[in-house]
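Take a look at the structure below.
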Amino acid sequence: MIHGVCAVLWSMAAQADVAVGARCPASPVAASTLIRSLDEAKPDLPVEFESARPYLRALESVEMEALSHLLWQRGDPDVCLPGASFLAYAAAIGTTAQVELLLKHGAHPDAPLDSNGATPLMTAIGAGRWRNAEALLDAGANAAQASDGGITALHEMALARCGKAVTCPDKERLAARLLGMKVSVDAVTTRGATPLMLAALSGDTALMKRLLARGADPTCRNGQGRTALDLAEQANQRAAAALLAR
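Using full-length UniProt numbering, the first residue of the sequence shown is number 1, and each one after it goes up by one.
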């Protein structure tokens, strides 16, 4: 059973209509698959992504002129590539300068959504591109937007990794900025997960401390009746569990 405010929030997320607004159509192969392949420097593209090749080449180029020329030639900065917008791809695999150039040429920071209702901001955070996310926020991206599954930028932040770094100052700065905006610290996915639960699962104690300081409720329960402490213990995240057990 889910109790209190968490129950109301969970119910709203589970029953919410798909966000109104333009979105890119679904692709036979998930956009995340291509993004991951490109980020791992794998050159082969699935045939479904052939139409995206000119755009991806522009992002792969170290010369900004390649992207400028493409935008001049093609015209539409809000074009959909397979499953997501050009801006979303740039946010996930491009440089901050490329993201800023797309925005300067009129790309909308929030639309079109990807085929799952996620914004470029969520995509950037999920890919660990903290400065790209900052650029999107500078352009007015909506930090409170939720995807079809109820995932917000804070949920993505809770799951995102810092790579091999022991500390992640860019991530911490972005987290502080998000929490300083009008976003719900107890927003829930359609499965009832809060950002605190996901941070506990991933062992991100720095983010957990920020969430708790902003009033995140550690007693919230997900759709399976588990709290953040339950999830931390389940994942053997001892530091996270100790923080929640205080």
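Just so it is clear, CB atoms sit at the ideal spot from N, CA and C, and this is done for glycine as well.
Nonlocal neighbours in the same chain, by C-beta distance under 8 Å from residue 162, ignoring five residues either side: Here residue 162 corresponds to residue number 162 of the sequence shown, with the count starting at 1. Here the set comprises 128, 168 and 171.
Residue 94, buried or exposed, once every other Cβ within 10 Å from all chains shown has been counted against 16: Counting from 1 along the sequence shown, the entry for residue 94 is found at position 94. Looking at its Cβ environment, which holds 16 or more other Cβ atoms inside 10 Å, residue 94 is buried.
The segment 106-117 touching the segment 55-68, judged by at least three CB pairs closer than 8 Å: no
Whether residue 192 touches residue 147 by CB criterion (8 Å): Translated into the one-based positions of the sequence shown, residue 192 becomes position 192. Translated into the one-based positions of the sequence shown, residue 147 becomes position 147. For residue 192 and residue 147, no; Cβs fall outside 8 Å.
Reduced DSSP secondary structure (H/G/I, E/B, other) of residue 115: To locate residue 115, count along the sequence shown from 1; it is residue 115. Residue 115 falls in the coil class under three-state DSSP.
Same chain, Cβ closer than 8 Å to residue 26, neighbours up to 5 away in sequence not counted: Residue 26 sits at position 26 when you count from the first residue of the sequence shown. Correct list, in chain order: 83 and 115.
Complete beta strand (DSSP E) runs within the segment 103-169 (minimum length 3 residues, chain order): none
For residue 85: DSSP bridge partner residues: As a working mapping, residue 85 is identified with position 85 in the sequence shown. Residue 85 is bridged to 80.
Of the residues 235, 179 and 135, the one placed nearest residue 90, counting alpha carbons only: Taking the sequence shown and counting its residues from 1, one reaches residue 90 at position 90. Residue 90 has its Cα closest to that of 135, out of 235, 179 and 135.
Residues near residue 108 in its chain [Cβ-Cβ closer than 8 Å; skip 5 each side]: For the purposes of this step, residue 108 is identified with residue 108 of the sequence shown, where counting begins at 1. So the qualifying residues of the chain are 78 and 87.
For residue 23, three-class secondary structure by DSSP: Stepping through the sequence shown from its first residue, residue 23 is reached at position 23. Residue 23: strand per DSSP, three-state reduction.
Inter-residue Cα distance where the pair is residue 209 and residue 51: Within the sequence shown, residue 209 is the residue found at index 209, counting from 1. Within the sequence shown, residue 51 is the residue found at index 51, counting from 1. Roughly 44 Å separates the two Cα atoms.
Exposure of residue 242, with buried meaning 16 or more beta-carbon neighbours within 10 Å: By 1-based counting over the sequence shown, the position of residue 242 is 242. Exposed is the call here.
Three-state class that DSSP yields for residue 234 in the structure shown: Start at 1 with the first residue of the sequence shown, and residue 234 comes out as number 234. Of the three classes helix, strand and coil, the one that applies to residue 234 here is helix, per DSSP.
DSSP-derived helix/strand/coil call for residue 62: Translated into the one-based positions of the sequence shown, residue 62 becomes position 62. Looking at residue 62 - three-state DSSP - the assignment turns out to be coil, as it is neither helix nor strand.
Ordered list of alpha helix (DSSP H) runs contained in the segment 170-215, each at least 4 residues: 195-202 and 205-213
Minimum C-alpha distance to residue 232 - residue among 215, 217, 211 and 196: Position 232 of the sequence shown holds residue 232. Taking only the C-alpha atoms, the option nearest residue 232 is 196.
Per-residue burial, residue 219 [other beta carbons within 10 Å of its own, 16 or more giving buried]: Here residue 219 is taken as the residue at index 219 of the sequence shown, counted from 1. Its Cβ having fewer than 16 others within 10 Å, residue 219 is exposed.
Same chain only: Cβ atoms within 7 Å of residue 244, ignoring 5 sequence neighbours per side: On the sequence shown, position 244 is the one that residue 244 refers to. 200, 218, 228, 229 and 232.
Rounded distance between the beta-carbons of residue 71 and residue 105, thought under 8 Å: Translated into positions along the sequence shown, residue 105 becomes position 105. Translated into positions along the sequence shown, residue 71 becomes position 71. Their Cβ separation, rounded to whole angstroms, is 5 Å, which keeps residue 105 and residue 71 in contact under 8 Å.
CA nearest to the CA of residue 158, picked from 187, 102 and 74: In the sequence shown, residue 158 corresponds to position 158, counting from 1. For the residues 187, 102 and 74, the minimum Cα distance to residue 158 belongs to 187.
Residue 144 versus residue 175: straight-line alpha-carbon distance, rounded: As a first step, residue 144 is located in the sequence shown; it is residue number 144 there, counting from the start. As a first step, residue 175 is located in the sequence shown; it is residue number 175 there, counting from the start. For residue 144 and residue 175, the distance between alpha carbons rounds to 13 Å.
Residue 132 burial status per 10 Å Cβ neighbour count (16 or more: buried): Taking the first residue of the sequence shown as position 1, residue 132 is located at position 132. It is buried - the Cβ of residue 132 has at least 16 other Cβ atoms within 10 Å.
For residue 190 and residue 239, believed in contact at Cβ under 8 Å, the rounded distance: Here residue 239 corresponds to residue number 239 of the sequence shown, with the count starting at 1. Here residue 190 corresponds to residue number 190 of the sequence shown, with the count starting at 1. Their Cβ separation, rounded to whole angstroms, is 29 Å, which puts residue 239 and residue 190 out of contact at 8 Å.
Residue 211 at chain C interface by Cβ criterion, 8 Å: The structure shown contains no chain C, having only a single protein chain.
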